[in-house]
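**Q** Here the numbering used here runs 939 ahead of the position in the sequence shown, where the first position is 1.
Take this structure first; my questions come after.
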Amino acid sequence: MPVGIVVAREEIDSPWQDHIWRPVGVVTGVPELFQWKELMRGEGWVHYYAATLPLELFAKETEAYKHNLESGQPALYIVLSEADEDGPADFPYEVHLVTASPFEAQDYLDSGEEIVEPVEMPKGVALWIGGFVEAHHVERTFKKRKRDEVKVEEHKFGQEPIFETRQRLRRNGDG
940 MPVGIVVARE EIDSPWQDHI WRPVGVVTGV PELFQWKELM RGEGWVHYYA
990 ATLPLELFAK ETEAYKHNLE SGQPALYIVL SEADEDGPAD FPYEVHLVTA
1040 SPFEAQDYLD SGEEIVEPVE MPKGVALWIG GFVEAHHVER TFKKRKRDEV
1090 KVEEHKFGQE PIFETRQRLR RNGDG
């Protein structure tokens, strides 16, 4: 599903920087616009239509989508990465990804190199994702793995087991 990404440039009161960039919304069902087209302006902020990206769903990710939809506040997660040198000079970021998986978004947050923000999921998108989950989700039961039987008296890696070493040292009066 093609999704339009809206990004804001907002002035902030900070001695280290005068503004921030952050995703603030998505739009669906509109024709693709030029990247970084100004949509709205207010005192201290500007909203841009930054890009149109495909929102892709994968059958192996249905657990994440289900978790998102059941959270009470379904969200799409927008990932911004630093723009290439070829990009427009006024816009230091490019839209890298839009996803409905909070787990995938967390992976990008862990790197610390991208800006990752949740935005409200439109109802039509939530219905579409819900239908996908209903069609493809397979409930998996948790299977706890059993430990392998370990024979502690067995010599591994060419070394004597530690308890045998300790017993030998005690017998010899060294331990």
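All C-beta atoms, glycine included, are put in the ideal place defined by N, C-alpha and C.
Small disclaimer: the values here were computed from a predicted structure and weren't measured.
Is residue 981 helix, strand or coil by DSSP?
**A** Locating residue 981 in the sequence shown gives position 42, counting from the first residue. Residue 981: strand per DSSP, three-state reduction.
**Q** Which residue spans inside the segment 973-1041 form an unbroken beta strand (DSSP E) run of at least 3?
**A** Listed in chain order, they are 976-981, 984-993, 1014-1021, 1032-1038.
**Q** I'd like the span of the beta strand (DSSP E) that includes residue 1059, first residue to last.
**A** Your numbering for residue 1059 matches position 120 in the sequence shown. Unbroken beta strand (DSSP E) run through residue 1059: 1054-1059.
**Q** Strictly by DSSP, which residues pair up with residue 945?
**A** Within the sequence shown, numbered from 1, the residue matching residue 945 stands at position 6. DSSP output for residue 945 lists 964, 988 as bridge partner(s).
**Q** Within 10 angstroms of the Cβ of residue 1050, are there 16 or more other Cβ atoms? Answer buried if so, exposed if not.
**A** Counting from 1 along the sequence shown, the entry for residue 1050 is found at position 111. Classification of residue 1050: exposed, given that the 10 Å Cβ count is below 16.
**Q** Pick helix, strand or coil for residue 1076, following the three-state DSSP scheme.
**A** By one-based count along the sequence shown, residue 1076 stands at place 137. DSSP places residue 1076 in coil when its eight states are reduced to three.
**Q** Smallest Cα separation from residue 943: which of 1103, 957, 984, 1033?
**A** As a first step, residue 943 is located in the sequence shown; it is residue number 4 there, counting from the start. Of 1103, 957, 984, 1033, the residue nearest in Cα terms is 1033.
**Q** Check residue 1103 in the structure and name its three-state DSSP category.
**A** For this step, residue 1103 is matched to residue 164 along the sequence shown. In this structure, residue 1103 counts as helix in the three-state DSSP scheme.
**Q** Does residue 969 pass the burial test, meaning 16 or more other C-beta atoms within 10 Å, or should it be called exposed?
**A** Walking along the sequence shown from the start, residue 969 turns up at place 30. Exposed, because fewer than 16 other Cβ atoms sit within 10 Å of the Cβ of residue 969.
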